Amino acid sequence: MASHHSRNVWIVWLTFAIGLLLSVSPLPQFMEILRPLWLALLLAFWSLNLPHKVGMVTAMFLGLAEDVLYGTLLGQNALILTLITFLVLSLQQRLRMFPMWQQCLVILVIFGLAQLVQLWLSALTGNRQPTLALVLPALVSALLWPWISFGLRGLRRRYKIN
Amino acid sequence: MGVRLLVLVVLSVALMVVDARFALLKPVRSQMSLVLMQTYWITDLPQRLYQGVASQFGSRTELVAENEKLKTENLLLQGRMQKLAALTEQNVRLRELLNSSALVNEKVEVAELIGMDPNPFTHRIIINKGERDGVVLGQPVLDARGLMGQVVELMPYTSRVLLLTDTTHSIPVQVNRNGLRAIASGTGNPERLELRHVADTADIKEGDLLVSSGLGQRFPAGYPVATVKEVIHDSGQPFAIVRAVPTAALNRSRYLLLVFSDNRTPEERANDAAQAQEAEDQKNGTTPIVPATVPKPASATPAAPAAAPAATAPVATPAKPAAHGTHPVKPASTKVPATAAPAAKPPAAPATTRQREE
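If you read the sequences in order, they're chains A and B.
Everything in the first sequence is counted per full-length UniProt numbering, starting at 1 for the first residue and increasing by one.
Everything in the second sequence is counted per full-length UniProt numbering, starting at 1 for the first residue and increasing by one.
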């Protein structure tokens with residue numbers, strides 16, 4: 001039973017590593033403002049599907065990694081990702097029943113809230129972004145959610161990640 | 001679950017406060033960056049590979065053309081450098097006379113850009129030199145055309161550079177033409193700086209070069225920062241609106257220069273410069289006291305066997321008398337071939353006399 005519990009979990013970590021790469025990969029100037037919240041998307045999927053493996057503590061560590069990469073205060077992105085994971089986990093039972101478009105809407109609202117918290121935090125630390133355009137990544141992420149969701153579900157079936 | 005959230009939120013807020021106020025977490029951060037900064041390197045890999053492949057398969061004619069261009073450029077730059085050495089020395093002497101602190105010859109080191117900050121609202125870049133390479137916080141960064149920014153975060157093998165155009169960055173500048181001082185602030189647009197609080201009557205106009213004034217004690221003085229693009233006099237505004245374009249290619253340069261400031265005293269610097277000049281003179285086979293236009297028999301004989309390797313060197317020399325047509329050296333140096341030993345005369349001699357007298 002114990003071996004059954006942790007099967008192929010390394011794939012989850014691999015997806016997080018790829019997420020980290022994607023979140024710093026260079027993009028053209030006009031697309032940078034649209035960069036999806038890759039780590040948040042991955043965390044949302046895995047915490048919905050493997051809640052006993054991926055939770056708020058994972059989110060916190062990934063957030064710390066992101067803070068080091070982005071040069072923000074240690075804990076800033078950690079707080080954001082923890083909040084996102086908490087919201088996803090608390091809506092878990094409902095989210096799993098929702099059709100895809102409704103899931104997208106919920107993701108949009110959760111990520112939008114997280115981006116607003118991000119705005120407040122950066123205002124506190126003195127790097128206030130000039131516009132509300134930073135809600136755009138939430139929109140892009142919500143639009144990406146179905147693809148991420150289908151893709152990772154396929155991956156999960158293929159490798160029987162449990 | 002709620003309790004866990006509370007604990008984690010409190011923990012991250014505590015981390016943020018500690019990180020903002022104290023230096024306690026710096027070692028943790030640098031250890032983490034040791035591993036994590038590899039991601040920038042990995043995301044930069046396709047670019048590197050592309051460059052490698054491109055240079056492998058670059059056609060011969062292209063390479064020859066590029067080589068030719070670089071050689072010409074090198075010749076021009078070296079010509080300019082020779083003049084610079086003399087000017088530098090003169091500058092040191094004059095400053096000695098004035099008893100003021102000299103500013104010459106900062107040490108520079110080349111660094112390479114390995115990543116951009118993913119946040120579109122900040123202008124920061126990651127370079128491949130860090131604390132272990134001797135980089136310090138606040139160190140100025142240049143590219144080939146002008147100032148780019150300063151180091152704001154140190155990691156063991158990488159560091160983060162804040163560019164001039166970031167909205168949180170300002171740099172003290174002066175107009176090169178007349179020394180008018182101002183402060184150039186970033187606007188968040190990579191092609192735009194703004195001069196704050198410039199009086200409406202100030203003598204500043206389109207096309208003026210702005211150089212760093214060194215007043216903030218952070219950037220060395222005299223490096224080009226920007227050129228003025230437009231000056232708007234709006235009678236409704238208390239100050240003139242001055243917009244400038246950075247001379248450095250802030251979003252294109254891949255190779256950057258890190259400036260290591262020199263903390264020797266002016267006297268030491270003057271001595272060092274003098275010694276370097278002396279060494280240079282000795283290498284060229286003349287002593288600085290003897291006027292080089294007079295062919296010295298002692299130096300002429302050892303130079304004679306060396307005439308063959310030296311024959312390649314004079315490529316640069318013909319250009320120099322031409323550039324200083326009014327200079328007294330010119331008739332002297334043209335006269336030299338008429339005297340006893342034309343081939344034996346060290347070819348670098350006219351160069352040294354010119355430097356002496358300038």
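Just so you know, even glycine gets a beta-carbon here, dropped at the ideal spot from N, CA and C.
All of these numbers come straight from a predicted model, not from anything done at the bench.
Would the beta-carbon of residue i fall within 8 Å of that of residue j?
i	j	result
A:Ala133	A:Leu108	no
B:Asp143	B:Ala249	yes
A:Cys104	A:Trp145	yes
B:Val228	B:Ala240	no
A:Leu48	A:Gln102	no
B:Leu11	A:Met56	no
B:Asp133	B:Val175	no
B:Thr165	B:Arg196	no
A:Leu83	B:Met1	no
A:Leu34	A:Ile148	no
B:Ile114	B:Thr158	yes
B:Gly146	B:Pro246	yes
B:Val161	B:Val136	no
B:Arg254	B:Glu89	no
B:Leu154	B:Glu131	yes
A:Pro28	A:Ser141	no
A:Tyr87	A:Leu62	Correcting the residue type first, residue 87 of chain A is Leu in the shown sequence and not Tyr. Contact: no.
A:Leu39	A:Gly19	yes
B:Ala14	A:Leu73	no
B:Ala184	B:Ala244	yes
A:Trp69	A:Val24	With the sequence shown as reference, residue 69 of chain A is identified as Leu, and Trp is not the correct amino acid for it. Against a cut-off of 8 Å, the Cβ pair of A:Val24 and A:Leu69 comes out as a contact.
B:Leu257	B:Val110	yes
A:Leu64	A:Val54	no
B:Met16	A:Gly75	yes
B:Ile42	A:Leu14	no
With 16 as the cutoff for other CB atoms within 10 Å, does residue i come out buried or exposed?
i	result
B:Pro302	Low confidence applies here, because B:Pro302 scores a pLDDT of 43, under 50, leaving its location unreliable and the question unanswered by this model.
B:Ile125	buried
B:Arg60	exposed
B:Ala313	Per-residue confidence for B:Ala313 stands at a pLDDT of 41, beneath the threshold of 50, marking its modelled position as unreliable; the derived number appears in the next sentence. Its Cβ having fewer than 16 others within 10 Å, B:Ala313 is exposed.
B:Gly179	exposed
B:Met148	buried
B:Ser235	exposed
residue 375 of chain B	A query on residue 375 of chain B cannot be resolved here, the shown segment of chain B reaching from 1 to 358 and no further.
B:Tyr223	buried
B:Lys129	buried
B:Tyr40	buried
A:Trp10	exposed
A:Leu143	exposed
B:Glu66	exposed
A:Gly151	exposed
residue 360 of chain B	The first residue shown for chain B is 1 and the last is 358, placing residue 360 of chain B beyond what the model contains.
A:Ala123	exposed
A:Thr85	buried
B:Ser55	exposed
A:Thr131	exposed
B:His233	exposed
A:Pro99	exposed
B:Gly186	buried
A:Asn77	buried
Could you tell me which chain A residues have their CB closer than 7 Å to the CB of residue i, listed as they occur along the chain?
i	result
B:Thr39	Leu20, Leu21, Val24 and Leu69
B:Ile42	Leu21
B:Ser235	Correct list: empty, because the minimum Cβ distance to chain A is about 28 Å.
B:Ser33	Val68
B:Pro27	Ordered by position in chain A, no residue passes the 7 Å Cβ test against B:Pro27, which lies about 12 Å from the chain.
B:Met116	Pro26
In chain B, which residues lie less than 8 Å from residue i when you measure between Cβ atoms?
i	result
A:Gln76	Ser12 and Met16
A:Thr82	Leu5, Leu8, Val9 and Ser12
A:Ile148	Per Cβ cutoff of 8 Å: no residues; A:Ile148 is ~19 Å from chain B at best.
A:Ile11	Those within 8 Å of A:Ile11 in chain B number zero; the least Cβ separation is about 19 Å.
In chain B, what lies closer than 9 Å to residue i by C-beta?
i	result
A:Thr125	Met16 and Ala20
residue 191 of chain A	Only positions 1 to 162 of chain A appear in this structure, which leaves residue 191 of chain A out of reach.
A:Leu14	Chain B residues near A:Leu14: none, gap ~14 Å exceeds 9 Å.
Strictly below 9 Å CB to CB, what residues from chain A border residue i?
i	result
B:Glu153	Gly71
B:Arg160	Gly71
Which residues of chain A have a Cβ atom closer than 8 Å to the Cβ of residue i, listed in chain order?
i	result
B:Leu36	Leu20, Ala65, Val68 and Leu69
B:Gly134	In chain order: nothing, as chain A lies at least about 21 Å away.
B:Arg192	Going along chain A, no residue has its Cβ under 8 Å from B:Arg192, so there is no contact; the nearest lies around 14 Å.
When Cβ atoms are compared, which residues of the segment 35 to 63 of chain A fall closer than 9 Å to chain B?
-> Of all residues in the segment 35 to 63 of chain A, only Arg35, Gly55, Met56, Val57, Ala59, Met60 and Gly63 place a beta-carbon less than 9 Å from a beta-carbon of chain B.
Go through the segment 81 to 130 of chain A residue by residue and report every complete run of the beta strand (DSSP E) that reaches 3 residues or more, in order.
-> No beta strand (DSSP E) of 3 residues or more sits fully in the segment 81 to 130 of chain A.
Going along the segment 131 to 144 of chain A in order, which residues come within less than 8 Å of chain B, judged by CB to CB distance?
-> Going along the segment 131 to 144 of chain A in chain order, one finds Leu134 with a Cβ nearer than 8 Å to chain B.
Which ranges would you report for the beta strand (DSSP E) in the segment 15 to 103 of chain B if only whole runs of at least 3 residues count?
-> For the segment 15 to 103 of chain B, there is no continuous beta strand (DSSP E) assignment of 3+ residues that stays within its boundaries.
Could I get the ranges of all uninterrupted beta strand (DSSP E) runs contained in the segment 146 to 220 of chain B, with 3 residues as the minimum, in chain order?
-> If we require 3 residues or more, the beta strand (DSSP E) runs fully inside the segment 146 to 220 of chain B come out as 147 to 154, 159 to 163, 170 to 175, 181 to 186, 193 to 198 and 209 to 212.
Name the residues in the segment 85 to 118 of chain A whose C-beta lies less than 8 Å from a C-beta of chain B; which are they?
-> Residues Phe86, Leu89 and Ser90.
Taking only beta carbons into account, state which residues of the segment 58 to 92 of chain B come closer than 9 Å to chain A, listed in chain order.
-> Listed by position along the chain: nothing, the set is empty.
Any residues in the segment 120 to 133 of chain B with a beta carbon nearer than 8 Å to a beta carbon of chain A? Which ones, in chain order?
-> Per Cβ criterion, the list reads Pro120, Phe121, Thr122 and Arg124.
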